[in-house]
Amino acid sequence: MSVAEAITRVHREEWARVVAALARRFGDLDTAEDAAAEAFATAVERWPRDGVPPNPGAWLTTTATRKAIDRLRRESSRDAKQREARMLADDGPAEPPGVIDDDRLRLVFTCCHPALAPDARIALTLRMVGGLTVPEIARAFLVQEATMGQRITRAKAKIRAAHIPYRVPTADDLPARLDGVLTVLFLVFNEGYLATGAGTDPVRADLTGEAIRLTRLVRELVDDDRVGRGEVTGLLALMLLTEARRPARVSATGELVTLDEQDRGAWDRDLIDEGHRLVRERLAAVAAGGPSPGRYQLLAAINAVHTDARDVRDTDWAQVVALYDRLVRLDPSPVVALNRAVAVAELDGPEVALALVDRLPLDGYHAFHATRAELLRRLGRGREAREAYDRAIDLAGNTGEVAYLTRRRGQLGGAGAG
Amino acid sequence: MPKYLLSVYGPTERNQFGDYPDKESMLQAFADTGAFNDKLVAEGYFVFADGLEQATTATVVDGQGDEPVYTDGPYLEAKEHLGGFWVIEAPDLDVALRLAAEGSKACRGKVEVRPFHTEQSIKAMLDA
């Protein structure tokens, strides 16, 4: 491994740990982030000459701590004295037993705090925990660098001014707060798997990869079934089983390929095996009397059924619908009902499914119109199908999806008009 | 310890029962808010709390010129105005949010939680 590769790898593996350790020591995210960035810059400068130190993580934390202290001394002697005093006092409250105590997890919970705007939570998590740069995050979400920089700065300022605590929530709050963290990670993943924007690749492997990496990290840290490990595992399995299909998701011409048309031989078997292993682990835990599965575990199970079928015709649709029935009970939202209807179409036919879909208040949602279009096409109602494709194309933000829908609309031809 | 302003907003002009639909619900909300205040005092969070007369009773004063200028009505033109508030001391935002949720339930209104300056934040401003 070259020194450059070593630095990239250490950055991925150690960034969150360095930032988290400094944030805890200095009680300030800005100081932590700047010092961590400086330490990595020093590594880039020194390691090619001096070699990679035997314990790169410890080297970086020590270097970053020194940088932070230097910086605080420079800032103002009066202020620094005060901060130094603060540095030495561990003023955090003692953690009640049974709650996970890890600096990186504190960092995740702070970045995903419910008092921050959802956009800011995502950006802050990618910056502070994921180590992505501001320009990288700005590109990922198609906003100006300055706008993204401001979003992150404002969030950090709120954390400081409003005294958002740097700690893992108490056992009572943990499941709800963990759910907020998983929402952020799932949003990052989804933005990668169905990227928005005219000039963007349909699938963004950098974002799906980052979401998986961070979910793995959270799963490593949350090791107690009582505080939501099941759902973290479910989310990781869901991501892996979805990511596994990425190689078959976009055609050579940049069109999204739907599940039924994908070349299943191109799926990543290793990811599928790992995802299935995690789903089985959850099934066993639930069977052994563990907490009943939440939405991510159910979604993972649905994806396990899909990825179990070597051919789309082998799909156990009854099982998929049964899992969606359970999901609807947990989350009676129209989007879940729409996805359930897609499975119902395979089990009970397009007419039954269309009746379910037509009741849903989802007129502004591209997938609603795309689903209707597909069902209407199968029912031979070409004119209505065309209208539905038009609406779906108008609303879709993903280049690959627009290409797919446009081709499908074109295939309607004159056949089955009316 | 950090201090927070917990404010509750309501319509510019109120009906005869404060902002409540009838006398009974007004009395119930007063009782619940009173109990919440007692709890704040007992647990050491309480700094100050009170309700305001309706916003139409406000007067804006501009004393920056030679003579002060008086204007009838609230400073902001809005449909809703500050109707009452708490000032609490809490170790961090999580505690403040939890208390705000209880206060919101007691007074039957949304509560805005806003931190006060601290010695540290003022110092940072002076050093900038």
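Residue numbers (the working numbering), protein chains in the order written: chain A, 17 to 434; chain B, 523 to 650.
Even for Gly, the Cβ is constructed at its ideal location relative to N, Cα and C.
Computed from a prediction, not measured in an experiment: that's the story for all the values here.
Burial state of PHE570 (chain B) is exposed, judged by a 10 Å Cβ sphere holding fewer than 16 other Cβ atoms. The CB of ILE180 (chain A) comes closer than 9 Å to the CB of ASP614, LEU615, ASP616 in chain B, given here in chain order.
At a cut-off of 8 Å between beta-carbon atoms, SER643 (chain B) makes contact with chain A.
For PRO637 (chain B), the uninterrupted beta strand (DSSP E) run begins and ends at 633-637, by DSSP. Using a Cβ-Cβ cut-off of 9 Å, LEU619 (chain B) is close to PRO130, ALA131 of chain A, given in chain order.
Between the alpha carbons of LEU370 (chain A) and GLY208 (chain A) lies a distance of about 29 Å.
At a cut-off of 8 Å between C-beta atoms, PRO524 (chain B) counts as an interface residue with respect to chain A. Distance between GLY380 (chain A) and ARG280 (chain A), taken at the CA atoms: about 32 Å. Within the segment 163-192 of chain A, the residues whose Cβ lies closer than 8 Å to some Cβ of chain B are ARG176, ALA177, ALA178, HIS179, ILE180, PRO181, PRO185, ASP189, listed in chain order.
With respect to the 8 Å criterion, LEU38 (chain A) and ALA74 (chain A) are not classified as neighbours on the basis of their beta carbons. LYS601 (chain B): not part of any beta strand (DSSP E); DSSP gives it neither H nor E. Distances from the CA of GLY147 (chain A) to each of A:GLY365, A:ARG311, A:ALA51, A:ASP327 were compared; the closest alpha carbon is that of A:ALA51. The C-beta distance from LEU121 (chain A) to ALA171 (chain A) rounds to 19 Å, too long to fall under 8 Å, and the pair is not in contact.
In the three-state reduction of the DSSP assignment, VAL184 (chain A) falls in the coil class. About 17 Å separates the beta carbon of GLY605 (chain B) from that of TYR526 (chain B), a gap too long to meet the 8 Å contact definition. Listed along the chain, the chain A residues whose CB falls inside 8 Å of the CB of PRO590 (chain B) amount to none; the nearest CB is some 33 Å away. ARG167 (chain A) sits close to ALA139 (chain A), with the two beta carbons spaced by under 8 Å. Among the CB atoms of chain A, none fall inside 8 Å of the CB of PRO543 (chain B).
For SER626 (chain B), the enclosing alpha helix (DSSP H) has its first and last residue at 615-629.
Taking a cut-off of 8 Å on C-beta distances, the segment 241-255 of chain A touches the segment 307-321 of chain A, as three or more cross pairs fall below it. DSSP places GLU611 (chain B) in the strand class (E or B) of the three-state scheme. Between the segment 527-547 of chain B and the segment 401-413 of chain A, the count of C-beta pairs closer than 8 Å stays below three; the two stretches do not touch. A contact is defined here as three or more CB-CB pairs under 8 Å, and the segment 352-366 of chain A meets this definition with respect to the segment 320-337 of chain A.
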